[in-house]
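A.B. asks: Numbering (UniProt numbering), first residue to last: 1 to 196. Where a beta carbon is used, it is the ideal one built from N, C-alpha and C, also for glycine. Handing you this structure, nothing more for now.
The structure is reproduced here in structure tokens:
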């Protein structure tokens, strides 16, 4: 896991002069967009990230803009931009988290799927130093779930809006019918062709 002191150092404090619990409508869009660019710059120059043993990604400005458009006006700013910095942590078994204190994190447990299930599995932890700091996301997956989640992300999420396809592919993965990316692509192609 990543030490809280490191997450504190990586936490970006907003200059918007409001709690990030406020909804997007309470902020000027141009001010938010300027701050998002500042945050990218902060993370791109931050040498501390190079010392962390986990994979990480800085959300692209374009993806952030799409999220803003999707969640405006009634979503809290901190929920819209809860993953500007995200770490991917792979573990053998989710039970490994049972012995770790998670009291400083908001937990999204998706081991059995999301509320609006799309096949994704994992646990996301969100660390937020204060209501004026942007959250940092820790995506925790087993090796098996990470592989399937990556396939979903690269082959499905950005192109298909029907969550049922992801659920059906997940079932085939869990049943051992899908065991490779080629299998995944083949089943996806069959599903799309069969259901046109």
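Just verifying my parser: in three-state terms, what is the DSSP assignment at residue 128?
C.D. replies: Reduced to three states, the DSSP call for residue 128 is coil.
A.B. asks: Using only the alpha-carbon positions, how far apart do residue 103 and residue 114 sit?
C.D. replies: If you take the alpha carbons of residue 103 and residue 114, they lie about 22 Å apart.
A.B. asks: Where are the beta strand (DSSP E) runs, 3 residues long or more, that stay fully inside the region 44 to 110, in chain order?
C.D. replies: With a minimum length of 3 residues, the continuous beta strand (DSSP E) runs that stay inside the region 44 to 110 are 55 to 58, 85 to 91, 105 to 110.
A.B. asks: For the beta strand (DSSP E) that residue 140 lies in, which residues bound it at each end?
C.D. replies: Per DSSP, residue 140 belongs to the beta strand (DSSP E) from 136 to 142.
A.B. asks: Determine the extent of the alpha helix (DSSP H) in which residue 171 is found, giving its start and end residues.
C.D. replies: That run of the alpha helix (DSSP H) goes 163 to 174.
A.B. asks: Pop quiz: residue 148 and residue 125 are said to be a contact at Cβ under 8 Å. What is the actual Cβ separation, rounded to whole angstroms?
C.D. replies: Contact flag wrong, Cβ pair sits at about 20 Å.
A.B. asks: Have a look at residue 46 and residue 155 and give me their C-alpha separation to the nearest angstrom.
C.D. replies: Computed Cα separation, rounded: 31 Å.
A.B. asks: DSSP beta-bridge partners for residue 13?
C.D. replies: Residue 13 is bridged to 133.
A.B. asks: List the DSSP bridge partners of residue 178.
C.D. replies: Residue 178 is not bridged to any residue.
A.B. asks: With a cut-off of 8 Å on the beta carbons, I'd call residue 97 and residue 123 a contact; round off their distance for me.
C.D. replies: Rounded, the Cβ-Cβ distance is 7 Å, consistent with contact.
A.B. asks: Quick one: does residue 161 have its CB under 8 Å from some CB of chain D?
C.D. replies: The structure shown has no chain D; it contains just one protein chain.
A.B. asks: Could you tell me the alpha carbon to alpha carbon distance between residue 15 and residue 135, rounded to whole angstroms?
C.D. replies: One C-alpha to the other measures close to 15 Å.
A.B. asks: Measuring straight from C-alpha to C-alpha, what distance separates residue 53 and residue 172?
C.D. replies: Computed Cα separation, rounded: 32 Å.
A.B. asks: Going by other Cβ atoms of all chains shown within 10 Å of its Cβ, with 16 needed for buried, is residue 51 buried or exposed?
C.D. replies: That one is exposed.
A.B. asks: Out of 130, 38, 117, point me to the one whose CA is closest to residue 170's CA.
C.D. replies: The candidate whose alpha carbon is nearest that of residue 170 is 117.
A.B. asks: For residue 196, does the three-state DSSP call read helix, strand or coil?
C.D. replies: Unreliable placement is indicated for residue 196, whose pLDDT of 44 sits below 50; no coordinate value is reported for it.
A.B. asks: So, are the CB atoms of residue 11 and residue 131 less than 8 Å apart?
C.D. replies: No, Cβ-Cβ distance for residue 11 and residue 131 is not below 8 Å.
A.B. asks: Which same chain residues, not among the five before or five after residue 146, have their C-beta less than 6 Å away from its C-beta?
C.D. replies: Closer than 6 Å at Cβ, skipping near neighbours: 90.
A.B. asks: Rounded to the nearest angstrom, what separates residue 181 and residue 151 at their Cα positions?
C.D. replies: Near 7 Å, if we compare the C-alpha coordinates of residue 151 and residue 181.
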